[in-house]
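The structure under discussion appears below in the form of structure tokens.
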Amino acid sequence: AKEVNPKDPFKNSGAQIIKQAAQRQVESTGDGTTLAVIIGYAIAKEALSIVESDYNPMTLRGGLEEGRDLLIEKIKELSKPVKSKVEKIQIATVSSEDKGLGKMIGETYHKAGVDAVITAEQVNSPGVFIDHQAGMQIDSGWKAEWFVTNRNSMTATVTKARVLVTDYKLDNIHELIPLLQSMAKNKETNFVIIGEDVDGNVLATLIANKIKGQMNTSAIKAPSFQMDKVLQDVATVVGAKFISKNAKMDLKEVTVDDLGYADRITSTKDATVIVEGGGKKKDVKERVQSLKNQIKDEGIDFEREKLKERLAKLTGGVYVVKVGGATEVEAEDKYERADDAIKATKAAIELGIVPGGEVVFLNARSVLKSDNESYADKILYKALEKPFNKLVENGGFDAGEMRSMLSGTTNEFGIDVTTGDMVDMVEEGIIDPAKVAIEAIRNGVSVAIAMICADGIICEYGEKDI
């Protein structure tokens, strides 16, 4: 999808909006990009046609949002929890299209548990193996897309990073000039800021240095919930001095010695994984014991669960799937497959699995009223048969006949497109993460709404286009 760039500026604008659905899909689930595009295009095409006939776009928007929410709840109802190792391996294998990779990732998730932090890393040596390393994850990601180093997975990675950890909002570059000058003098060019927020000319300066190749850098906004405590956890893991407002520390007095270190920091838009931090084992051990004591003494269930989450992120470490190949092209391909499989398996563990073969969309449509006067329900009802139709037609079968074959069956049944037979999809191992289906609907509806609610598009034509 990312390679689709029509020369016509108006067509290109529409294509960019549809591509957003695919991008959001891969960021959240690692799978289902084609699904999101098919559903988004089908909804947008019908919705635009209705709006052009003078139907109120805001009324249509409300109907689409209501239908979307009903469909999401129905898919959650249709899903079943992922419990067995076999199911986890099946999900990872389907996503990666690689039995060996799928087995490795599925088994790791089964062994490490639902809260496991698993990430992929491309290496120079051939082969695939898993390395359990010290590290942690925080629930916030890169501040700006300019920091992204891998456009396929939309991740920003900084290796051998010096780390500034602070609860200050950083928006005045003059406060950081002494530190940056000191880093330049020491030839420190890999720099990550994890703070309350990074904005203004501080963010602009980091981005400019990144673009010019003067620094490999990233800025990460700290999680808003229990921010100070999470930042102190991070500071302990990376071995940084926590630059705190409460202690009235002056940012102008921060030196390189106050920075922490990590072998690798990788961020998506929503999460950050810190691998092999430079903190002292003794300090980390004391921090862990402190959390255990707090858990024991905490009387409020909610607070206790949050403390347990922090403890798990501090003690669980990071499982790194190291992927290489005989050539760089092979290594890159395997890395993308591993990254997709990790996200898809995690998505399945989070929200369960549903029968595959796109039959879940046909089953979920039962909550819509396709025979009433709701244009939104009619649009969604029609759009949700498109993924199934496309799949069986690609297998050489008639979509109408296949839908008729499934009529009156239970939700587990679908079509095995390799044979054209009706089978119990779950028993046959043809399964998908429920989250993939849910996000495909959410993203598809989102881009369609963006199109019908836009009054116009501003495009720039070159001389050759006029």
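Numbering (the UniProt record's numbering), first residue to last: 1 to 466.
From the three backbone atoms N, C-alpha and C, an ideal C-beta is built for every residue, glycine too.
Source: prediction; values computed, not measured.
Given a cut-off of 8 angstroms, decide if residue j and residue i are closer than it, judged by their beta-carbon atoms.
| i | j | result |
| --- | --- | --- |
| residue 204 | residue 338 | no |
| residue 467 | residue 107 | This structure leaves residue 467 out entirely; the chain is present only between 1 and 466. |
| residue 429 | residue 268 | no |
| residue 235 | residue 195 | no |
| residue 70 | residue 367 | yes |
| residue 134 | residue 276 | yes |
| residue 345 | residue 75 | no |
| residue 299 | residue 21 | no |
| residue 399 | residue 388 | yes |
| residue 470 | residue 431 | Nothing about residue 470 can be reported from this structure: the residues present for the chain run from 1 to 466 only. |
| residue 323 | residue 123 | yes |
| residue 435 | residue 29 | yes |
| residue 168 | residue 375 | no |
| residue 442 | residue 91 | no |
| residue 6 | residue 325 | no |
| residue 254 | residue 351 | no |
| residue 306 | residue 226 | yes |
Taking just the CA atoms, how far does residue j sit from residue i?
| i | j | result |
| --- | --- | --- |
| residue 424 | residue 94 | 17 angstroms |
| residue 406 | residue 433 | 21 angstroms |
| residue 377 | residue 46 | 11 angstroms |
| residue 466 | residue 9 | For residue 466, the predicted model reports a pLDDT of 48, less than 50, meaning its position is unreliable; a value from the coordinates is still stated below. Each residue's Cα considered, the two are about 11 angstroms apart. |
| residue 215 | residue 187 | 10 angstroms |
| residue 48 | residue 14 | 12 angstroms |
| residue 449 | residue 61 | 6 angstroms |
| residue 109 | residue 148 | 26 angstroms |
| residue 129 | residue 177 | 42 angstroms |
| residue 36 | residue 364 | 16 angstroms |
| residue 201 | residue 251 | 15 angstroms |
| residue 18 | residue 439 | 14 angstroms |
| residue 293 | residue 231 | 19 angstroms |
| residue 144 | residue 153 | 15 angstroms |
| residue 452 | residue 41 | 12 angstroms |
| residue 151 | residue 185 | 32 angstroms |
| residue 348 | residue 112 | 15 angstroms |
| residue 336 | residue 446 | 26 angstroms |
| residue 82 | residue 212 | 46 angstroms |
| residue 139 | residue 272 | 7 angstroms |
| residue 32 | residue 384 | 14 angstroms |
| residue 243 | residue 249 | 6 angstroms |
| residue 382 | residue 68 | 13 angstroms |
| residue 415 | residue 422 | 5 angstroms |
| residue 98 | residue 281 | 37 angstroms |
| residue 410 | residue 353 | 16 angstroms |
| residue 362 | residue 392 | 13 angstroms |
| residue 34 | residue 328 | 26 angstroms |
| residue 314 | residue 114 | 15 angstroms |
| residue 401 | residue 80 | 28 angstroms |
| residue 311 | residue 166 | 21 angstroms |
| residue 170 | residue 197 | 6 angstroms |
| residue 426 | residue 404 | 20 angstroms |
Classify residue i: buried if its beta carbon has 16 or more other beta carbons within 10 angstroms, exposed otherwise.
| i | result |
| --- | --- |
| residue 58 | exposed |
| residue 340 | buried |
| residue 137 | buried |
| residue 191 | buried |
| residue 358 | buried |
| residue 454 | exposed |
| residue 481 | Any property of residue 481 remains undetermined from this structure, which presents the chain solely from 1 to 466. |
| residue 483 | As shown, the chain starts at 1 and ends at 466. That puts residue 483 outside it, with no answer to give. |
| residue 118 | buried |
| residue 181 | exposed |
| residue 210 | buried |
| residue 331 | buried |
| residue 86 | exposed |
| residue 396 | exposed |
| residue 217 | buried |
| residue 297 | exposed |
Check whether the Cβ of residue i lies closer than 7 angstroms to any heavy atom of the ligand MG, and answer yes or no.
| i | result |
| --- | --- |
| residue 265 | Questions concerning the ligand MG fall outside what the structure shown contains, since it holds no ligand whatsoever. |
Review point. In chain order, which continuous runs of the alpha helix (DSSP H) of length 4 or greater are located wholly inside the region 57-114?
Key: 57-78, 85-96 and 99-112
**Study point:** Stretch pair the region 156-167 + the region 229-246: three plus CB contacts closer than 8 angstroms
**Key:** yes
Check your understanding: Counting only runs that start and end within the region 382-419, where is the beta strand (DSSP E) found for 3 or more residues in a row?
Key -> 413-416
Check your understanding: Fully enclosed by the region 229-314, which alpha helix (DSSP H) runs are 4 residues long or longer?
Key -> 281-297
Point to revise | Cβ pair count under 8 angstroms reaching 3, the region 280-291 against the region 256-268 | key: no
Point to revise | Uninterrupted alpha helix (DSSP H) stretches inside the region 329-385 (no shorter than 4 residues) | key: The DSSP assignment places complete alpha helix (DSSP H) segments of no fewer than 4 residues inside the region 329-385 at 359-364 and 375-383, in order along the chain.
Review point. In chain order, which continuous runs of the alpha helix (DSSP H) of length 4 or greater are located wholly inside the region 177-206?
Key: Here the runs fully enclosed are 177-185.
Check your understanding: For the region 424-453, which segments carrying the alpha helix (DSSP H) assignment without a break, of at least 4 residues, lie completely within its bounds, in sequence order?
Key -> 434-452
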